[in-house]
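Everything below concerns the one structure shown next.
Protein chains: 6
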Amino acid sequence: MGKPTPIEYADASPEVRAVFDDIMTSRNLKDVNNFWKYLARDPVSLRRTWESVKEVMAPGALDPLVKEMVYLAVSVTNSCGYCIASHSAAAKAGMSEAMFGELMAVVGMANETNRLVNGYRVPIDAAFDR
Amino acid sequence: MGKPTPIEYADASPEVRAVFDDIMTSRNLKDVNNFWKYLARDPVSLRRTWESVKEVMAPGALDPLVKEMVYLAVSVTNSCGYCIASHSAAAKAGMSEAMFGELMAVVGMANETNRLVNGYRVPIDAAFDR
Amino acid sequence: MGKPTPIEYADASPEVRAVFDDIMTSRNLKDVNNFWKYLARDPVSLRRTWESVKEVMAPGALDPLVKEMVYLAVSVTNSCGYCIASHSAAAKAGMSEAMFGELMAVVGMANETNRLVNGYRVPIDAAFDR
Amino acid sequence: MGKPTPIEYADASPEVRAVFDDIMTSRNLKDVNNFWKYLARDPVSLRRTWESVKEVMAPGALDPLVKEMVYLAVSVTNSCGYCIASHSAAAKAGMSEAMFGELMAVVGMANETNRLVNGYRVPIDAAFDR
Amino acid sequence: MGKPTPIEYADASPEVRAVFDDIMTSRNLKDVNNFWKYLARDPVSLRRTWESVKEVMAPGALDPLVKEMVYLAVSVTNSCGYCIASHSAAAKAGMSEAMFGELMAVVGMANETNRLVNGYRVPIDAAFDR
Amino acid sequence: MGKPTPIEYADASPEVRAVFDDIMTSRNLKDVNNFWKYLARDPVSLRRTWESVKEVMAPGALDPLVKEMVYLAVSVTNSCGYCIASHSAAAKAGMSEAMFGELMAVVGMANETNRLVNGYRVPIDAAFDR
């Protein structure tokens with residue numbers, strides 16, 4: 001197969017359109033993001049991924065904005081440019097510049113201290129292992 | 001040099017003791033964690049890292065518990081066993097089992113979708129890049 | 001040194017040309033990919049890397065297409081854009097869109113469950129450790 | 001919350017037992033692995049993860065053994081000790097030592113060349129981007 | 001918040017300008033790199049990060065060029081394109097093409113053998129653990 | 001296949017013994033490390049990996065100690081416990097505790113700033129891209 005290409009709504013099968021419709025309704029959008037248009041190449045993955053995302057990112061014991069920040073922290077750690085861009089946008093309404101700055105500071109710090117722990121081969125304190 | 005070993009308070013230099021004292025006072029602890037005892041091998045790194053951690057993890061635009069959860073999310077993504085254990089403990093007071101479960105679900109989901117984005121080579125939507 | 005630049009066949013030393021010739025013959029190509037043109041900056045690495053790739057990716061106990069899919073799975077996990085593009089192309093002849101979709105689904109799932117294991121600190125079952 | 005602990009079948013809720021039963025039936029096992037016992041702390045994640053794993057790892061356009069090898073390749077890249085142990089066991093029946101050796105050789109090679117590409121800043125060949 | 005944008009010297013607060021001035025003086029530059037202009041969005045992180053970088057990258061027990069090479073090795077392992085570009089430039093004066101080639105060879109090799117160790121589940125030799 | 005197990009010299013084939021002999025001679029050792037004993041399960045990988053390691057880690061444009069430190073920096077970034085232990089030991093003779101402390105500080109800093117670059121989406125300065 002060649003380079004993956006997106007599937008637009010107009011060209012989508014009924015199965016794919018049903019997922020696109022649910023995304024647009026749930027998130028109050030006029031079109032779905034590129035992520036969903038590319039994933040539509042595999043309608044089974046599209047459906048499963050959307051259902052999981054909808055369930056996982058919904059309000060629950062954690063606030064949706066906290067979830068977006070956690071998602072962003074992972075994407076920054078993994079160097080996923082698209083994911084950083086799309087979830088920065090998703091967090092736009094609720095995240096101030098000061099919140100973003102502190103979020104990045106924690107992510108940077110965690111990536112630094114994780115490696116200090118590795119290098120110094122720090123054993124787990126007995127108190128943490130109970 | 002051989003395998004790194006920890007420095008206990010009793011054996012620490014005045015410079016290291018000053019940092020240990022500040023950690024114990026700030027966090028209301030009777031002893032510092034292994035992380036600080038190992039890092040004490042390099043007193044300059046010990047001081048700089050503690051001062052940065054204290055500043056970054058303090059309450060600000062983000063709640064300290066949110067910061068602990070973000071720290072945990074990064075550590076889980078990086079497979080840092082010590083960091084997961086110590087920051088799970090740090091978050092103990094404020095994080096219910098339901099919150100932990102949702103946190104892990106978001107971390108897992110982000111690691112999954114980050115890779116779907118890579119594999120399908122999804123370009124950034126124009127709307128995200130403004 | 002400045003930004004690395006590629007070495008074209010016309011400008012290559014006899015040592016580099018010998019490797020380029022072997023790549024083109026082995027893979028039935030009219031030109032080598034950018035990867036080899038950049039690596040040609042270090043002729044020793046060029047030779048060693050090509051000899052290793054040729055040996056590792058050859059048919060053996062595993063089918064070459066399976067090897068290409070494993071290579072792609074690692075590259076997607078590591079966010080290596082060039083590697084994803086070049087090995088998607090390499091797998092072009094033998095990999096249908098359905099195979100690609102399932103491959104990405106497994107890669108995404110593995111990256112997700114790897115992190116759930118980390119976060120829940122799951123110990124290895126005795127049965128797996130024999 | 002403290003260190004996560006497993007939920008055994010005898011102590012599980014009906015909701016968790018239903019998933020455990022399905023895992024044991026589908027895979028012809030007398031007990032579920034630790035992964036599922038720990039994830040049972042969050043019954044919603046347990047159900048969603050099992051349903052996804054069952055769908056993703058089933059025979060389809062790719063052979064289940066190929067899927068196990070891809071899963072293992074990702075886990076080795078991510079340094080997930082539990083995942084390597086459990087999926088080596090899962091692949092036990094179908095994977096010879098020679099297949100395992102070649103699999104590791106491809107995984108090692110991909111992790112090496114991914115970094116050579118990064119360091120030499122190799123641009124994507126026009127032919128790969130169509 | 002939207003996409004991060006840089007802060008130029010002319011638009012910077014006195015607090016940010018003081019850091020920019022120190023960077024330009026310390027490194028004998030007429031302008032600061034994009035990294036600092038973006039980080040200036042969070043003046044607290046800007047100051048802390050610059051002070052840490054200045055301390056960590058200064059001559060000490062290790063030569064500054066060795067430090068630049070180690071920084072580059074980490075950035076190549078993490079797929080950080082900006083970091084690779086800026087630290088290749090930083091190492092420009094002191095690193096020959098032969099040194100760069102050997103550096104990349106070691107980085108590639110380490111990323112390969114790290115995964116062979118994971119996959120074969122190699123236990124630590126008693127001699128290394130003392 | 002089950003859990004990988006090591007091959008001791010006494011049980012090794014002539015092909016494997018030849019590699020073991022060369023390792024012991026080259027490095028002046030009485031026995032080879034576990035890494036080689038496990039990799040001996042695949043004699044072709046054993047030979048190729050040893051020949052590559054011998055070539056890559058030899059003195060050249062970079063000093064062998066610098067190469068060991070770079071190798072360690074990558075292993076710390078990748079959380080490879082065995083690799084950290086064995087290459088700390090390899091660097092033992094030439095690396096003081098102060099050098100180790102600075103090495104870890106650079107590795108930690110690079111892992112931190114790599115993520116700040118990702119999160120702030122810093123574009124490459126024109127000067128770095130020439």
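Chain order of the listed sequences is A, B, C, D, E and F. Letter by letter, the first sequence follows residues 1 to 130 in full-length UniProt numbering. Letter by letter, the second sequence follows residues 1 to 130 in full-length UniProt numbering. Letter by letter, the third sequence follows residues 1 to 130 in full-length UniProt numbering. Letter by letter, the fourth sequence follows residues 1 to 130 in full-length UniProt numbering. Letter by letter, the fifth sequence follows residues 1 to 130 in full-length UniProt numbering. Letter by letter, the sixth sequence follows residues 1 to 130 in full-length UniProt numbering. Don't be surprised by glycine CBs; every beta carbon is placed ideally from N, CA and C. Remember, it's a predicted structure, so these values are computed and weren't measured experimentally.
message: Within a Cβ cutoff of 7 Å, which residues of the same chain sit near C:Tyr-38, ignoring the five residues on either side of it in sequence?
response: The residue you call residue 38 of chain C lines up with position 38 of the third sequence. The beta carbon of C:Tyr-38 sits closer than 7 Å to those of Pro-4, Pro-6, all from its chain and outside the five residues before and after it, given in chain order.
task: Check the Cβ-Cβ distances between B:Gly-101 and every residue of chain D, and say whether any is below 7 Å.
output: If you number the second sequence from 1, residue 101 of chain B lands on position 101. Under the Cβ distance rule, B:Gly-101 counts among the residues neighbouring chain D, one pair being separated by less than 7 Å.
task: Could you give the DSSP three-state label for F:Ser-86: helix, strand or coil?
output: As a working mapping, residue 86 of chain F is identified with position 86 in the sixth sequence. Note: F:Ser-86 maps to helix in three-state DSSP.
Proximity test, Cβ basis, 7 Å: F:Ser-79 and chain D: One-based indexing of the sixth sequence puts residue 79 of chain F at position 79. At a cut-off of 7 Å between C-beta atoms, F:Ser-79 counts as an interface residue with respect to chain D.
query: alpha helix (DSSP H) containing F:Ile-23: first to last residue?
result: Residue mapping note: residue 23 of chain F aligns to position 23 of the sixth sequence, counting from 1. If you look at F:Ile-23, you'll find it in the alpha helix (DSSP H) that goes 14-27.
- request: Just the C-alpha distance for E:Phe-100 and D:Val-56, rounded to the nearest angstrom, thanks.
  value: Within the fifth sequence, residue 100 of chain E is the residue found at index 100, counting from 1. Within the fourth sequence, residue 56 of chain D is the residue found at index 56, counting from 1. When only Cα atoms are considered, E:Phe-100 and D:Val-56 end up about 42 Å apart.
- request: Measure from the alpha carbon of B:Ala-85 to the alpha carbon of each residue in A:Val-117, A:Val-16, A:Val-76, A:Ser-86, then state which is nearest.
  value: Within the second sequence, numbered from 1, the residue matching residue 85 of chain B stands at position 85. Closest by C-alpha distance to B:Ala-85, out of A:Val-117, A:Val-16, A:Val-76, A:Ser-86, is A:Val-117.
message: Once DSSP output is grouped into helix, strand and coil, what is the label at E:Val-44?
response: Taking the first residue of the fifth sequence as 1, we reach residue 44 of chain E at position 44. E:Val-44: helix per DSSP, three-state reduction.
- prompt: Since C:Asp-42 meets chain E, which of its residues come closer than 9 Å, beta carbon to beta carbon?
  reply: For this step, residue 42 of chain C is matched to residue 42 along the third sequence. Proximity of chain E to C:Asp-42 at the Cβ level (cut-off 9 Å) is accounted for by Glu-97, Ala-98, Phe-100, Gly-101, Glu-102, Met-104, Ala-105, in chain order.
- request: Would you be able to state if there are at least three C-beta pairs under 8 Å between the stretch 73-89 of chain F and the stretch 78-94 of chain A?
  value: No: the two stretches stay apart, fewer than three of their Cβ pairs being nearer than 8 Å.
message: Below 9 Å on C-beta distance, what does D:Ser-45 contact in chain B?
response: By 1-based counting over the fourth sequence, the position of residue 45 of chain D is 45. Ordered by position in chain B, the residues that pass the 9 Å Cβ test against D:Ser-45 are Gly-101, Glu-102, Met-104, Ala-105, Gly-108.
- prompt: Where does F:Arg-41 land, buried or exposed, given buried means 16+ other C-beta within 10 angstroms?
  reply: Position 41 of the sixth sequence holds residue 41 of chain F. Its Cβ being crowded by 16 or more others within 10 Å, F:Arg-41 is buried.
For D:Phe-35, the nearest candidate out of D:Ala-10, D:Arg-115, D:Val-53 (CA to CA): Counting from 1 along the fourth sequence, the entry for residue 35 of chain D is found at position 35. Comparing Cα-Cα distances from D:Phe-35 to each of D:Ala-10, D:Arg-115, D:Val-53, the minimum goes to D:Val-53.
query: Along chain A, in chain order, which residues have C-beta atoms closer than 7 Å to that of F:Leu-116?
result: As a working note, residue 116 of chain F is residue 116 in the sixth sequence. Within chain A, the C-beta atoms nearer than 7 Å to that of F:Leu-116 come from Met-104, Gly-108, in chain order.
task: Might you give, ordered along the chain, the residues of its own chain that have their beta carbon closer than 7 Å to the beta carbon of F:Phe-20, omitting 5 neighbours on each side?
output: Here residue 20 of chain F refers to the residue found at position 20 of the sixth sequence. Only Tyr-9, Ala-12, Val-32, Trp-36 meet the Cβ criterion.
- prompt: Under 7 Å, do B:Leu-103 and A:Glu-102 count as touching if we go by C-beta distance?
  reply: In the second sequence, counting from the first residue as 1, residue 103 of chain B sits at position 103. In the first sequence, counting from the first residue as 1, residue 102 of chain A sits at position 102. Cβ atoms of B:Leu-103 and A:Glu-102: not closer than 7 Å.
task: Return the CA-CA distance between F:Lys-67 and E:Arg-17, expressed in angstroms with no decimal places.
output: If you number the sixth sequence from 1, residue 67 of chain F lands on position 67. If you number the fifth sequence from 1, residue 17 of chain E lands on position 17. If I take the Cα positions, the gap works out to 39 Å.
task: Tell me whether D:Lys-92 sits in a helix, a strand or coil according to DSSP, three-state version.
output: Position 92 of the fourth sequence holds residue 92 of chain D. In this structure, D:Lys-92 counts as coil in the three-state DSSP scheme.
query: At least one CB of chain F closer than 7 Å to the CB of A:Asn-34: is that the case?
result: As a first step, residue 34 of chain A must be located in the first sequence, where it is residue number 34. Answer no: the Cβ-Cβ gap between A:Asn-34 and chain F never drops below 7 Å.
query: Is there at least one Cβ from chain C nearer than 7 Å to D:Asp-21's Cβ?
result: Counting from one through the fourth sequence, the residue named residue 21 of chain D turns up at place 21. Output row for D:Asp-21: interface = no.
query: To the nearest angstrom, how far is it from the Cα of B:Asp-129 to the Cα of A:Met-95?
result: Locating residue 129 of chain B in the second sequence gives position 129, counting from the first residue. Locating residue 95 of chain A in the first sequence gives position 95, counting from the first residue. Counting only the Cα atoms, A:Met-95 lies some 17 Å from B:Asp-129.
message: To the nearest angstrom, how far is the alpha carbon of A:Ala-44 from that of D:Glu-51?
response: Stepping through the first sequence from its first residue, residue 44 of chain A is reached at position 44. Stepping through the fourth sequence from its first residue, residue 51 of chain D is reached at position 51. Checking the sequence, you will find Val at residue 44 of chain A rather than Ala. Their Cα atoms are separated by approximately 13 Å.
task: List the residues of chain D that A:Asp-129 touches, going by C-beta distances under 7 Å, in chain order.
output: Taking the first sequence and counting its residues from 1, the one referred to as residue 129 of chain A is at position 129. Within 7 Å of the CB of A:Asp-129, the CB atoms of chain D belong to Lys-3, in sequence order along the chain.
field: Test item: CB-CB of C:Arg-115 and B:Val-70 under 7 Å
entry: For the purposes of this step, residue 115 of chain C is taken as residue 115 along the third sequence, with counting starting at 1. For the purposes of this step, residue 70 of chain B is taken as residue 70 along the second sequence, with counting starting at 1. In this structure, B:Val-70 does not lie closer than 7 Å to C:Arg-115 by Cβ.
CB contact flag (B:Glu-112, C:Glu-112, <7 Å): Position 112 of the second sequence, counted from the start, is the residue given in the question as residue 112 of chain B. Position 112 of the third sequence, counted from the start, is the residue given in the question as residue 112 of chain C. Yes, they are a contact pair.
- prompt: How should A:Thr-49 be labelled, buried or exposed, when 16 other C-beta atoms within 10 angstroms of its C-beta is the threshold for buried?
  reply: Start at 1 with the first residue of the first sequence, and residue 49 of chain A comes out as number 49. It is buried - the Cβ of A:Thr-49 has at least 16 other Cβ atoms within 10 Å.
task: Note down, in chain order, each residue of its chain lying with its Cβ closer than 8 Å to the Cβ of A:Leu-29, except the 5 sequence neighbours on either side.
output: By one-based count along the first sequence, residue 29 of chain A stands at place 29. Hits under 8 Å: Ile-23.
- request: Starting from the Cα of C:Glu-15, find the closest Cα among C:Gly-2, C:Arg-47, C:Thr-25, C:Arg-27 and give me that residue.
  value: Taking the first residue of the third sequence as 1, we reach residue 15 of chain C at position 15. Ranked by Cα distance from C:Glu-15, the first of C:Gly-2, C:Arg-47, C:Thr-25, C:Arg-27 is C:Arg-47.
- prompt: In chain E, which residues lie with their C-beta within 7 Å of the C-beta of F:Tyr-82?
  reply: Taking the sixth sequence and counting its residues from 1, the one referred to as residue 82 of chain F is at position 82. Within chain E, the residues near F:Tyr-82 are Val-117, Val-122, Ile-124.
- prompt: By the 10 Å Cβ neighbour count, where 16 or more other Cβ atoms means buried, how is F:Ala-58 classified, buried or exposed?
  reply: As a working mapping, residue 58 of chain F is identified with position 58 in the sixth sequence. By the neighbour-count rule (16 or more Cβ atoms within 10 Å), F:Ala-58 is not buried but exposed.
- request: List the whole-angstrom C-beta distance separating B:Ala-110 from A:Val-74, where the pair is believed to meet the contact cut-off of C-beta under 8 Å.
  value: The residue given as residue 110 of chain B occupies position 110 in the second sequence. The residue given as residue 74 of chain A occupies position 74 in the first sequence. That pair is a contact at about 4 Å.
Among F:Ala-105, F:Leu-65, F:Gly-119, the one whose alpha carbon lies nearest that of F:Ala-93: Working through the sixth sequence from its first residue, we reach residue 93 of chain F at position 93. For F:Ala-93, the nearest C-alpha among the options comes from F:Leu-65.
- request: Measure the beta-carbon distance from A:Ile-124 to B:Tyr-120 and round it to whole angstroms, keeping in mind my assumption that it falls under 8 Å.
  value: Counting from one through the first sequence, the residue named residue 124 of chain A turns up at place 124. Counting from one through the second sequence, the residue named residue 120 of chain B turns up at place 120. Incorrect: roughly 38 Å between the Cβ atoms, too far for contact.
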